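The sequence shown begins at 43 in the numbering used here and counts up one residue at a time.
Each residue gets a CB set at the ideal place from its N, CA and C atoms; glycine is no exception.
Small disclaimer: the values here were computed from a predicted structure and weren't measured.
Reviewing the structure listed below.
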Amino acid sequence: MRIIAGEWRGRKLVAPKGDATRPTADRTRETLFSMLTSRLGDFDGLRVADLFAGSGALGLEALSRGAAHCLFVEQDRAALDAIRSNIAAFDAREKTTIEAGSVLHLRAASEPYDVLLIDPPYRTGAGAVALDRLLRLGWIGPATWIAVETAATETVTVQGLETEVERRIGKGKLTLLRLEPDRTDPDTPPG
């Protein structure tokens, strides 16, 4: 695994030991960031959260492309070790925060994130459960882009969010989501 573009392009990433995590393939990451860049323009100054972070490859790719800060959330010990190792190797401590624990136990956000990168275990439904919770806890605002990687046969459905685009890549699928248009008006009560 390598960083695809930006400041750290071509630098190798450490993957977690064991088989508890499934790192996002370089090809899938390249497609995901192409999809996001075509909508965002660039990552300059953005606040990003890499949830179910694994090696941290998604968040580190965003930082390499100019994101201001990335929160990594992961509960697996080997994955946390890999994230810490990658952050140290890229000298990115000042731009990162690591939350050791379950995405499903996160607290309310002080303000919405610009980008949520979510790569839960396939076929668990954990991504939709996490998104429902994060939506209620203020992690998602009108400008937030959400990217979820799932198995190709899975669909991500969360009340209050709409699918912008889905793209199959091998055995996986990338889904970009946004707040539903009526949820972006602060005077409109939720669902």
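- When C-alpha distances from Ala142 are compared across Asn128, Leu148 and Gln117, the shortest belongs to Gln117.
- The Cβ atoms of Gly87 and Glu49 do not sit closer than 9 Å to each other.
- Per DSSP, reduced to three states, the secondary structure at Phe85 is coil, with no helix or strand assignment.
- For the beta strand (DSSP E) assignment, the uninterrupted runs of no fewer than 3 residues enclosed by the stretch 159-231 are, from N- to C-terminal side, 187-193, 203-211 and 214-221.
- Where Ala95 is concerned, there is no enclosing alpha helix (DSSP H), because DSSP gives it neither an H nor an E.
- Residues Ala194 of the same chain have their beta carbon placed closer than 7 Å to that of Arg210, with the five preceding and five following residues left out of the count.
- Judged by their CB atoms, Arg220 and Leu179 are not nearer to each other than the 9 Å cut-off.
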